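Participant:
Protein chains in written order, with the numbering used here: chain A, 5 to 83; chain B, 5 to 83.
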């Protein structure tokens, strides 16, 4: 039985969607990456990596970032 | 300046929301955990741990699970 997982999937990656939403929401608050990192209890370089899609973020950290930005976690993954 | 991260937040954890949506969507397809694991290219015990909220899943794996279930990743985190 052929796995569905390799069916073509022309969606922006979830990393790209998260990065785009983070930059947009952070910008709306006028926050630096450092400010978001402080509010989320994470490191500034970690935030920078996530916004460059260079990090395979865990759900618990998505939750911290969402809470800091004042949105529900699922909205960070909604394109 | 007081971090927002510790403000009370009486939402189901994102792990709980993910687990609930996975069990529901997998049930709607009549799939076992093994079937979902095969479709997602992941291990059955990994799926079992996620559904028991015992795993801090990465975004890339949320994407694989979502693709296997045929939904957009953000819908797996929507309560």
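In this text, a Cβ means the ideal position worked out from N, Cα and C, and glycines have one as well. All values derive from a computational prediction rather than experimental measurement.
1) Listing by chain order, which chain B residues have their CB less than 7 angstroms from the CB of residue 19 of chain A?
2) Report all residues from its chain with a CB closer than 6 angstroms to the CB of residue 8 of chain A; omit the five preceding and five following residues, and keep chain order.
3) Less than 8 angstroms separating the beta-carbons of residue 61 of chain B and residue 17 of chain A?
4) Would you please verify whether the beta carbon of residue 81 of chain B is less than 8 angstroms from any beta carbon of chain A?
5) If you draw a straight line from the alpha carbon of residue 10 of chain B to that of residue 27 of chain B, how long is it in whole angstroms?
6) When burial is assigned at 16 or more other CB atoms within 10 Å of the CB, is residue 58 of chain B buried or exposed?
7) Check distances from the C-beta atoms of the region 18-38 of chain B to those of chain A and list, in chain order, the residues that come in under 9 angstroms.
8) So, using beta-carbon positions, are residue 73 of chain A and residue 29 of chain A closer together than 8 angstroms?
9) Does the distance from the C-beta atom of residue 23 of chain B to that of residue 66 of chain B stay below 8 angstroms?
Facilitator: Looking at the coordinates:
1) 63, listed in chain order.
2) Reliability fails at residue 8 of chain A, whose pLDDT of 49 lies under 50, so the model's placement of it is uncertain and the value that follows must be treated cautiously. Excluding residues up to 5 positions away in sequence, nothing lies with its Cβ nearer than 6 angstroms to the Cβ of residue 8 of chain A in the same chain.
3) The answer is no: Cβ separation not under 8 angstroms.
4) Among the residues facing chain A, residue 81 of chain B is included, as its CB has a counterpart in that chain under 8 angstroms away.
5) Caution is warranted here: a pLDDT of 49 is assigned to residue 10 of chain B, below 50, making its placement in the model unreliable, and no coordinate value can be reported.
6) Residue 58 of chain B is exposed by the Cβ-count criterion.
7) Flagged, chain order: 18, 19, 21, 22.
8) Taking 8 angstroms as the Cβ cut-off, residue 73 of chain A and residue 29 of chain A qualify as a contacting pair.
9) Cβ distance not < 8 angstroms, so residue 23 of chain B and residue 66 of chain B don't count as in contact.
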